[in-house]
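Here's the structure, in structure tokens; my notes come after.
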Amino acid sequence: MTPSVLPTYNRAPMAFDSGSGAWLTTTDGDRYLDLGAGIAVNALGHAHPALVQALTEQASKLWHTSNLYQIPHQQRLADLLVDNTFADTVFFTNSGTEAAELAIKMVRKYWYDKGQPERTQIIAFEGAFHGRSTGAIAMAGGEKMTKGFGPLMPGFVQLPFGDHDALRAAVGPQTAAIIIEPIQGEGGIRIVPDQCLKGLRDMCDTTGALLIFDEVQCGMGRTGRLFAHEWSGITPDIMMVAKGIGGGFPLGALLATENAASGMTAGTHGSTYGGNPLGCAVGCAVMDIIADDAFLAEVNRKSALFRQKLEGLVAAHPSVFAEVRGQGLMLGLKCVVPNTDVVKAGYAAFVLTVPGADNVIRLLPPLTLTDDDMAQAIARLNQAATTATPHAG
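With our numbering applied, the sequence shown corresponds to residues 97 to 489, in that order.
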């Protein structure tokens, strides 16, 4: 019998009733340390007072009007994003996937208006994840996401991660844009080196191609800067944002320069719910906290301490873990044993982690993780590693 909820997820055998900070409590009363944060969504933890207040205050006044009218919180959030980033303009969505769809449209409309409609090809990279819509899976490629869903939308090419020769050979007269995650999340917490991001910027400047950064998972303070690309000292033309920007409320955005967005005039795109008063009220509260220099400095302090402790964990369990990778509080443990074994062992230790590609478990805790939470994290991961350690015979 088909379940009433479409069975597209392999769900863990627990259901959560409440949360506070980095902790979740199940319907059975068990308490788990959440090092996944809803896959980098709950950037300020569960039930953060400022977000609860922003949402409840707005919910008591107005939920929805549509984008046929002015939305004050949407304007304020757009101003905050423009003031704190490279962008000149912002379009609000409900998810990162929707931001990816607009990125595709924006790039193609840009070249159409420039009188070069043949420039439709977008270059992406192996291991990327840009969402699960038909356009997003065609852009990222990968058999796991695309098998059985053909024919795929044309106009995309996927290159091996870090293959500079393949990139130089692929860029040509049809190249409209290059899209990349400064740190791959689903791909296994793989960092794109700063010099590579700079090289992509130079290549786009030379060829005219637009540079798109997908910061859905690595943005919003996760690496210790507001956005991960800031460490490299260069900026994109277009950037996808979601997950942490809503702190748990469904919210996404596409940020762009005036030049890149020049083709997107009235009627070229829209969203029923995107940028609604509820989402943008929460988004403003998130930005007010995360964009603060002192908050980001604290993220950097905690991330350095957490990484140091994780290096010790790896050294203590060489038959389970191979290395620590990542930046800020977007960290991964490359596993020797199957990563899913470690995730499941974590359940028994009451700690939640997220599997990723390349046999990695992802550690994406709330940016508000305390030092005491961190100590608990290491103790529980140590317990999970002991359980997951291969035994002879």
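C-beta: ideal position from N, C-alpha, C; glycine also.
Take residue 173, set aside five residues on each side of it, and the residues of its chain with a beta-carbon closer than 6 Å to its own are 376, 379 and 380, in chain order. In chain order, 190 place their CB closer than 7 Å to the CB of residue 369, counting only its own chain and leaving out the 5 sequence neighbours on each side. Between residue 480 and residue 453 a beta carbon distance of about 20 Å is seen, past the 8 Å cut, so the two are scored as non-contacting. In the structure shown, residue 171 falls within a helical segment according to DSSP collapsed to helix, strand and coil. Counting C-beta atoms within 10 angstroms of its own C-beta, residue 106 has fewer than 16 neighbours from the protein chains shown and is therefore classed as exposed. Of all alpha-carbon atoms in 390, 485, 395 and 263, the one lying nearest the alpha-carbon of residue 436 is that of 485. In the DSSP secondary-structure assignment, residue 273 is bridged to 218 and 306. Inclusion of residue 410 and residue 420 in the CB contact set at 8 Å is warranted, their separation being smaller than that value.
The criterion of a C-beta distance shorter than 8 Å is satisfied by residue 296 and residue 276.
In the same chain as residue 286, and ignoring 5 residues on each side of it, the C-beta atoms closer than 6 Å to its own belong to 280, in chain order.
Contact annotation: residue 200 and residue 241 have beta-carbon atoms that are not nearer than 8 Å. Secondary structure in the segment 402-487: the alpha helix (DSSP H) runs of 4 residues or longer, each lying completely within the stretch, are 435-444 and 467-484 in chain order. Boundaries of the alpha helix (DSSP H) around residue 149: 145-155.
Three or more Cβ pairs closer than 8 Å define a contact, and the segment 394-407 falls short of that threshold against the segment 259-266.
Here residue 158 has 373 as same chain residues with Cβ atoms under 8 Å from its own Cβ, once five neighbours each way along the sequence are excluded.
Apart from the 5 residues on each side of it in sequence, residue 180 sits with its Cβ closer than 8 Å to the Cβ of 322, 383 and 387 in its chain, given in chain order. Counting along the chain, the unbroken beta strand (DSSP E) around residue 351 starts and ends at 348-352.
Residue nearest to residue 404 within the set 349, 473, 348 and 352 is 473 (criterion: CA-CA distance). Following the DSSP letters along the chain, one finds residue 192 inside the alpha helix (DSSP H) bounded by residues 192-209. With respect to the 8 Å criterion, residue 331 and residue 182 are classified as neighbours on the basis of their beta carbons. Here the C-alpha atom of residue 192 lies approximately 29 Å from the C-alpha atom of residue 302. Rounded to the nearest angstrom, the gap between the Cα atoms of residue 305 and residue 273 is 5 Å. Take the alpha-carbon of residue 205 and the one of residue 462: they are about 37 Å apart.
Here the C-alpha atom of residue 223 lies approximately 7 Å from the C-alpha atom of residue 238. If you compare the alpha carbons of 194, 482 and 457 with that of residue 346, the shortest gap goes to 194. Around the CB of residue 339, 16 or more other CB atoms lie within 10 Å, so the residue is classed as buried. Scanning 254, 292, 290 and 289 for the CA closest to the CA of residue 226 turns up 254.
Listed in chain order, the non-local C-beta contacts of residue 293 below 7 Å within the same chain comprise 278, 325, 328 and 330, local neighbours out to five positions each way being set aside. Residue 460 sits close to residue 133, with the two beta carbons spaced by under 8 Å. Within the model, the alpha-carbon separation for residue 221 versus residue 357 is close to 23 Å. Assignment of residue 335 by DSSP, reduced to helix, strand and coil, places it in the strand class.
Residue 110 and residue 122 have their C-alpha atoms spaced approximately 7 Å apart. Checking the DSSP bridge columns, you'll see residue 128 partnered with 120.
Excluding residues up to 5 positions away in sequence, nothing lies with its Cβ nearer than 6 Å to the Cβ of residue 168 in the same chain.
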